[in-house]
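S.K.:
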Amino acid sequence: MELSDEMLKEISYIKISKYRTKVMMSLEEGEVLIPTQIAKKSNIRPNHISKVLGELKAHALVECINPEVRKGRLYRLTEHGEDVVKNLE
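Residue numbers (our numbering): 349 to 437.
Spelled out as structure tokens, the structure:
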């Protein structure tokens, strides 16, 4: 299957950062996690997670499903994010 230029750019954007790669992989297959769970699952210190999630959100790869709360925000991959993860391997 031929990947679009846009998809290739997104895959490249993820792969140049091991943090972004680990966060994307930890959110695979419809998982919904809070940042501390993502930190544990991806072996990244929690203080780095919010920055990475912000970057991924800006690229519409992850979404927060309860942005109104201060603690316990839940994150999941967007459909676009799921497509990118499938092509990361």
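Each residue gets a CB set at the ideal place from its N, CA and C atoms; glycine is no exception.
Indicate whether residue 401 and residue 426 have their beta-carbon atoms separated by less than 9 Å.
M.R.: It is not a contact, given that the beta carbons lie outside the stated cut-off.
S.K.: Whose C-alpha, out of 420, 366, 388, 351, is nearest the C-alpha of residue 404?
M.R.: Measuring from the Cα of residue 404, the nearest candidate turns out to be 366.
S.K.: If contacts are defined as beta-carbon pairs under 8 Å, then residue 421 and residue 380 qualify, I think. What distance do you get, rounded to the angstrom?
M.R.: Not confirmed; about 10 Å, so no contact.
S.K.: Residue 353 to residue 411, Cα distance in whole Å?
M.R.: One C-alpha to the other measures close to 23 Å.
S.K.: At a threshold of 8 Å, does residue 351 count as lining the ligand SAM (C-beta to nearest heavy atom)?
M.R.: As for the ligand SAM, it is missing from this structure, which has no ligand bound.
S.K.: Taking only the alpha-carbon atoms, compute the straight-line gap between residue 435 and residue 388 and give it to the nearest angstrom.
M.R.: Distance between the alpha carbons of residue 435 and residue 388: 24 Å.
S.K.: To which residues does DSSP link residue 423 through a beta bridge?
M.R.: Paired residues: 381, 412.
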